[in-house]
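Each remark here refers to the structure printed beneath this line.
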Amino acid sequence: MLPVTPEILIDDAELEERFVRASGPGGQNVNKVATAVQLRFDARASRAFDDRVRSRLMVLAGARLTSEGVIVIDARRYRTQAANREDARERLAELIREAATPPRRRRKTRPTAASKERRVESKKRRAQTKGARGKVTGEG
9 MLPVTPEILI DDAELEERFV RASGPGGQNV NKVATAVQLR FDARASRAFD
59 DRVRSRLMVL AGARLTSEGV IVIDARRYRT QAANREDARE RLAELIREAA
109 TPPRRRRKTR PTAASKERRV ESKKRRAQTK GARGKVTGEG
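In this text, residue positions in the sequence shown follow the working numbering: the first is 9, and each later residue adds one.
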């Protein structure tokens, strides 16, 4: 089980891990040992959370979300398979935690007197600039 919040627990059966060879540091080991982890989680089919969390999660996942609704997290930060596996699981949990927190409602504010004054002044300056572009009249 992957604990995300006190209410949300992801069953290990819902997580699919593939180990692939990583690029980067590791010396000769990098060519022999599959230390990078590709964690796949089917967000669309998961029953661990409700539809509101699911829809926010799919928006937050962005490019990590496939067209089938599977979130793919690639972890290759560390040199060991165990550390990368833990990193991938923690990154998924953090993403779900963020989706589980509902966004705060925006509190309406009124414009300040100074901002209204600045707006009016800039409009007056713009009007003068445009007014000066008119046809030139008089003797020439």
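Positions of the beta carbon are idealized from the N, C-alpha and C atoms, including for glycine. What you are looking at is a predicted structure, and each value in this text was computed from that prediction instead of being measured.
TODO: Confirm, please, whether the CB-CB distance from residue 16 to residue 108 is below 9 angstroms.
DONE: As a first step, residue 108 must be located in the sequence shown, where it is residue number 100. As a first step, residue 16 must be located in the sequence shown, where it is residue number 8. Their beta carbons are under 9 angstroms apart, which means residue 108 touches residue 16 by this criterion.
Open item on the list: Let's see if you can read the secondary structure: which residues bound the alpha helix (DSSP H) around residue 61?
Closed with: Taking the first residue of the sequence shown as position 1, residue 61 is located at position 53. Residues 59-69.
Task: Distance between residue 64 and residue 118 (C-alpha atoms, nearest Å) - done: The residue given as residue 118 occupies position 110 in the sequence shown. The residue given as residue 64 occupies position 56 in the sequence shown. Each residue's Cα considered, the two are about 29 angstroms apart.
Task: Cross-strand partners of residue 18 (DSSP beta bridge) - done: Within the sequence shown, residue 18 is the residue found at index 10, counting from 1. BP columns for residue 18 point to 10.
Open item on the list: If contact is defined by three or more beta carbon pairs under 8 angstroms, each pair taking one atom from either stretch, is the stretch 43-53 in contact with the stretch 79-89?
Closed with: yes
TODO: Would you grab the beta carbon distance between residue 72 and residue 80 for me? Rounded to a whole angstrom, and I think it's under 8 angstroms.
DONE: Along the sequence shown, one-based indexing puts residue 72 at 64. Along the sequence shown, one-based indexing puts residue 80 at 72. Confirmed, Cβ separation roughly 6 angstroms.
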